[in-house]
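Quick note on numbering: the sequence shown equals residues 1 to 145 in the working numbering.
Idealized CB from N, CA, C, for every residue including glycine.
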Amino acid sequence: MYTDILIPLDGSSLAEQALCCFEHLAAPNARVVLLQVIRSPIPVITPEMSLPIPDSGQAELLSEAHAYVKGQAANLVKQNVEAEGVVIEGDDVAGTIVDYAHDHGMDLIMMSTHGRGGFSRLVFGSVAEDVIRRTLCPVLVVRPT
Numbered sequence: 001m002y003t004d005i006l007i008p009l010d011g012s013s014l015a016e017q018a019l020c021c022f023e024h025l026a027a028p029n030a031r032v033v034l035l036q037v038i039r040s041p042i043p044v045i046t047p048e049m050s051l052p053i054p055d056s057g058q059a060e061l062l063s064e065a066h067a068y069v070k071g072q073a074a075n076l077v078k079q080n081v082e083a084e085g086v087v088i089e090g091d092d093v094a095g096t097i098v099d100y101a102h103d104h105g106m107d108l109i110m111m112s113t114h115g116r117g118g119f120s121r122l123v124f125g126s127v128a129e130d131v132i133r134r135t136l137c138p139v140l141v142v143r144p145t
């Protein structure tokens with residue numbers, strides 16, 4: 001049984017599928033952290049200067065992400081689950097998930113995957129696969145239904 005469970009979310013119903021399964025693995029009084037990683041604006045760097053790309057709604061994106069994870073956490077709290085929502089800006093989604101799990105003593109990462117294979121996986125990559133490769137924490141991957 002796990003006491004500190006990290007569930008990365010991206011705002012999609014696919015990612016939310018991981019929310020239906022954690023109860024079977026959670027210890028009594030387990031804590032669930034719902035984490036959404038928002039990509040930081042990438043600066044434009046040339047040999048002569050560095051320019052940040054215009055914000056283009058980053059503050060609004062962060063605000064929406066906070067509201068989303070807080071709402072999802074509130075739904076779990078209504079079910080008597082200790083839950084909190086966290087939003088972090090980062091360039092590397094998988095790395096941010098792994099770092100958060102390590103820095104906050106999470107003992108399970110539970111996440112959904114798109115279940116892509118072949119060329120599609122090559123083009124789009126897999127955050128879940130990257131997390132699995134980079135963490136020492138157990139990872140439970142939920143396939144789409």
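Distance, Cα to Cα, residue 67 vs residue 108?
24 Å
Note down the Cα distance separating residue 70 from residue 93, rounded to an integer number of angstroms.
19 Å
Kindly indicate the opening and closing residues of the beta strand (DSSP E) around residue 29.
26 to 39
Determine the closest residue to residue 25 out of 95, 2, 128 and 142, with distance taken between C-alpha atoms.
2
Could you say which of 137, 22, 131 and 73 lies nearest to residue 11 if we only look at CA atoms?
73
Under a Cβ-count criterion, where at least 16 other Cβ atoms within 10 Å of its own Cβ denotes burial, should residue 77 be classed as buried or exposed?
exposed
May I ask you to report which of helix, strand or coil DSSP gives residue 3?
strand
Which residue wins for smallest C-alpha separation from residue 59, given the options 80, 32, 87 and 82?
87
May I ask which residues mark the beginning and end of the alpha helix (DSSP H) holding residue 64?
58 to 78
Using a 10 Å radius around the Cβ and a threshold of 16 neighbouring Cβ atoms, would you call residue 112 buried or exposed?
buried
Beta carbon of residue 132 nearer than 9 Å to that of residue 35
no
Determine, using beta carbons only, whether residue 106 and residue 142 come nearer to each other than 9 Å.
no
Pull up the DSSP beta-bridge partners for residue 108, would you.
5
Tell me whether the beta-carbon of residue 83 lies closer than 9 Å to the beta-carbon of residue 31.
yes
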